[in-house]
Amino acid sequence: MHAHLVQFEIAWEDPEANYRHVESLLEQTRPEAGDLVVLPEMFDTGFSFNLEKTVAASTRTIEWLRSVATSRGITIHGSCTLRGEDGRGRNMAMIINQRGDLVGQYAKIHPFSFGKEHEYFTAGTGTLQYRWSYLSVCPAICYDLRFPELFRRGMLQGAEMFVVGANWPGVRAHQWRALLIARAIENQAYVLGVNRVGNDPTVSYLGGSIAVSPKGSILGELGYAEEVLSIEVDSNAVWDWRKAFPAWRDIKMMKL
């Protein structure tokens, strides 16, 4: 089975253009039935705080994700902005399987306070798992990557793979790479990190999407260009490594 990390330049607040762009990249990649396709954080609008536009796109985005998943027979891990009961945004990962079922929706636990995201978006309150083939997958979003306790909780709840969709600025690209590798090593799990390229009105992005094995080996990595990274995933690799080197058995949860 294969996972496909779709790295592209997101058109600012233009969902239809982004749908078309992803469809074009998938047409070139041609994922097989049963594969996993992963898109960057807020792939439909870019990292916009204009909730009138981003929330308005959410219904179209979910239906588009469902159409792509069912027509291609894949699981697609996308995103959109929903509006919470408090009227603020929720930065969501949305996962739809090949039957069109919404198998997971995760709200970003750590809005990016340095960039004022917390002023427009309400934080999520918990992790979740969804099944892709034989693996249990835990989503995370961008700034979540800096908080290892989220990943540890996910691992203890059964995660064998972590998927991180992001709009991670190029100025901190070296940290993106280092943190993704660390999360894989710490949790003896696959980690897929999917970033965007190009520019929005205030930030430049350098891509660097990457897939890391449970041992911390690089399975594939992209540079700055728009591209799809496709990797083969061995569902046995996680527990083969955890049994061979059972560091996870020595975990001691400490109060923060």
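The opening position of the sequence shown corresponds to residue 0 in numbering that gives the first Met the number 0, with each subsequent residue numbered one higher.
Ideal placement from N, C-alpha and C gives every residue a C-beta, glycine not left out.
Nearest-angstrom Cα distance between residue i and residue j?
i: Val102; j: Trp63; result: 15 Å
i: Ile75; j: Ser23; result: 15 Å
i: Ile73; j: Glu31; result: 7 Å
i: Asp13; j: Gly125; result: 30 Å
i: Asp151; j: Leu144; result: Residue 151 is actually Arg in this sequence, not Asp. Those two C-alpha atoms are separated by around 11 Å.
i: Gly77; j: Glu118; result: 23 Å
i: Leu35; j: Trp131; result: 7 Å
i: Ser208; j: Leu221; result: 5 Å
i: Asn96; j: Ala139; result: 18 Å
i: Ala108; j: Ala158; result: Reading off the sequence shown, one finds Ile at residue 108, where the question assumed Ala. Computed Cα separation, rounded: 17 Å.
i: Ala243; j: Ala236; result: 10 Å
i: Trp167; j: Ile217; result: 19 Å
Does the distance from the CB of residue i to the CB of residue j come in under 8 Å?
i: Cys141; j: Gln128; result: no
i: Ala172; j: Gly215; result: no
i: Val193; j: Val21; result: no
i: Glu8; j: Gly197; result: yes
i: Ala92; j: Gly45; result: no
Give the DSSP-derived three-state secondary structure of residue i in the structure shown.
i: Ile61; result: helix
i: Pro138; result: strand
i: Met0; result: coil
i: His20; result: helix
i: Met154; result: helix
i: Thr124; result: coil
i: Pro147; result: helix
Take the Cβ of residue i as the centre, count every other Cβ of all protein chains shown within 10 Å, and call the residue buried at 16 or more, exposed below.
i: Glu40; result: buried
i: Arg195; result: buried
i: Glu116; result: buried
i: Ser212; result: buried
i: Met154; result: buried
i: Thr80; result: buried
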